[in-house]
Structures are given as C-alpha cells and as structure tokens.
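In our numbering, the protein residues as written are 1 to 224.
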C-alpha cells in the first residue's frame, strides 16, 4: 500500500489535464478524500484547453468543490481540443511552467495508455518535466474502451463516491448531453475498481515505476 506523507506546511499536489472535467472524472473522489483529510493542501492545476469558454467557468467551480479547504491555483489554457500533437511546443512549455512553480509531493496526470490523443500526448510530456515525482495516471471511461489493468487503488467511502457523481452532474452542464456522462457510468466503474481492491468503491491509477525504500520505511512511485 502506497502512503502519502504530508510534509511540514501542509504539502502540495499538482494536477494535469488536457480538458476541463478530466481531473474530476479521473480523480475526483481521490481529490475529495485527500483535500478533506488535509486542509490547506496546496493544489496546482493545469488544464490545456477550454480557456475563455464556459468550460473554464465550470472547471473553476468544480475543482473548488472537489478540493475543499485547499489552496487551489488553477490555470486553464486555450489549446484547441483534439489538436495537442499540432501544439506540442505550447503544451510542453505549459507543463514545464507548472513544474517551475511547484514541487508537488504527488502528481495526477493522464496515463500513456489512454486512447485519446490529447490525454496520451500529455502523459508523454509528464516525465520530461517531472522526473523525480510520484505520478498517478488516472483513467477516463470512454467509447474507445481503453480501460486497462491499473495497479494502484484509492478506496472511496460510499458517500464520497456519491458526492463525486453528484458534483460531476452539478458542475459540468455542458457535458450532460453525452451518452456516457451519467451517474451509472461513474459509480459503475468505481464499483468495479472497488471489487478489485476489496472496497465498496475506488478510483484506480496506472503506475509504471515503483521505488522501494525498505530500510527507511518509505514507498515512492512514479509514472512515465
């Protein structure tokens, strides 16, 4: 089991996403759990697309709700949706900018096996900037059917899983028309991941590197 130690000052995490709502879908329950347990946690979030639209407003309200009591700093850029490969330099500069202004104890980002080219491209940029950080690659259910076999789980209390589904519905009205965007989908995946880790509900993450410090009693993970 991988633990997260809060250093003096409350600790810090960073969040990376290609689109508004990716973070809430992939790690919303974990964010609720983490921020509720650690008031004052610094949260630096970067979203590459949606800036200047209604989606940016949705993201600000949603992350404030998913990160209660946190010192939240969110940047939403204006890269076009679905075109990250054509804007590689801008995306890389943005990721490096996030790294320059924060040294997180934990980083949430897409994972390299994601079928969406924007998610996958962003995941490939992560290790170019965050070389020595614990990184959890979140998953997003979609038409592509790319759900794999994650190796790290965060159990969610039933009330947290329900709150995640409710907040997703409340704060992202622009997405309600999508056929997969509903309570059943979110709770269904959380239930499956819960079965896999002996919990009622859970969120799961991909990790490609794990370093053990058995003498020092510390376990660290990194995803690239």
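All residues carry an ideal CB built from backbone N, CA and C; glycine is no exception. Computed from a predicted model, the values in this text were never measured in an experiment.
Secondary structure at residue i, three-state DSSP: helix, strand or coil?
{"i": "residue 209", "result": "strand"}
{"i": "residue 71", "result": "strand"}
{"i": "residue 203", "result": "strand"}
{"i": "residue 51", "result": "coil"}
{"i": "residue 192", "result": "helix"}
{"i": "residue 16", "result": "strand"}
{"i": "residue 57", "result": "helix"}
{"i": "residue 112", "result": "coil"}
{"i": "residue 154", "result": "strand"}
{"i": "residue 214", "result": "coil"}
{"i": "residue 28", "result": "helix"}
{"i": "residue 82", "result": "coil"}
{"i": "residue 198", "result": "coil"}
{"i": "residue 164", "result": "helix"}
{"i": "residue 127", "result": "helix"}
{"i": "residue 223", "result": "Because residue 223 sits at a pLDDT of 40, beneath the cut-off of 50, its placement in the model cannot be relied upon, and the following sentence gives the value as read from the coordinates. Three-state DSSP puts residue 223 in coil, outside helix and strand."}
{"i": "residue 183", "result": "helix"}
For residue i, I'd like the list of residues in its chain whose CB is within less than 6 Å of its CB, leaving aside the five on either flank, ordered along the chain.
{"i": "residue 107", "result": "14, 130, 133, 135"}
{"i": "residue 49", "result": "19, 79, 81"}
{"i": "residue 95", "result": "125, 129"}
Taking residue i and residue j to be in contact with their CB atoms under 8 Å, please state how far apart those CB atoms are, rounded to whole angstroms.
{"i": "residue 41", "j": "residue 164", "result": "About 18 Å; that fails the 8 Å criterion."}
{"i": "residue 207", "j": "residue 103", "result": "About 20 Å separates the two Cβ atoms, so there is no contact after all."}
{"i": "residue 43", "j": "residue 59", "result": "No, residue 43 and residue 59 are not in contact; Cβ-Cβ is about 13 Å, not under 8 Å."}
{"i": "residue 167", "j": "residue 70", "result": "At roughly 15 Å, the Cβ-Cβ gap does not stay under 8 Å, so residue 167 and residue 70 are not in contact."}
{"i": "residue 51", "j": "residue 76", "result": "4 Å"}
{"i": "residue 146", "j": "residue 11", "result": "Contact flag wrong, Cβ pair sits at about 31 Å."}
{"i": "residue 141", "j": "residue 189", "result": "5 Å"}
{"i": "residue 109", "j": "residue 16", "result": "4 Å"}
{"i": "residue 45", "j": "residue 72", "result": "7 Å"}
{"i": "residue 230", "j": "residue 205", "result": "Residue 230 lies beyond the residue range present for the chain, which begins at 1 and ends at 224; the question has no answer from this structure."}
Leaving out five residues on either side along the sequence, give the residues of the same chain with a beta carbon under 7 Å from the beta carbon of residue i.
{"i": "residue 191", "result": "201"}
{"i": "residue 30", "result": "154, 203"}
{"i": "residue 178", "result": "none"}
{"i": "residue 25", "result": "140, 168"}
{"i": "residue 39", "result": "69"}
{"i": "residue 171", "result": "58, 61, 62, 65"}
{"i": "residue 174", "result": "54, 55, 58"}
Who does residue i pair with in a DSSP beta bridge?
{"i": "residue 44", "result": "14, 73"}
{"i": "residue 137", "result": "109, 206"}
For residue i, collect the residues of the same chain with a Cβ closer than 8 Å to its Cβ; drop the 5 residues on either side in sequence, then sort them by chain order.
{"i": "residue 187", "result": "161, 162, 165, 201"}
{"i": "residue 91", "result": "48, 79, 84, 121, 122, 125"}
Q.
Using 8 Å as the cut-off, can you tell me whether the segment 180 to 189 makes contact with the segment 104 to 118, which would need three or more C-beta pairs spanning the two stretches below that distance?
A. no
Task: Any 3 or more C-beta pairs closer than 8 Å across the segment 54 to 67 and the segment 20 to 29 - done: yes
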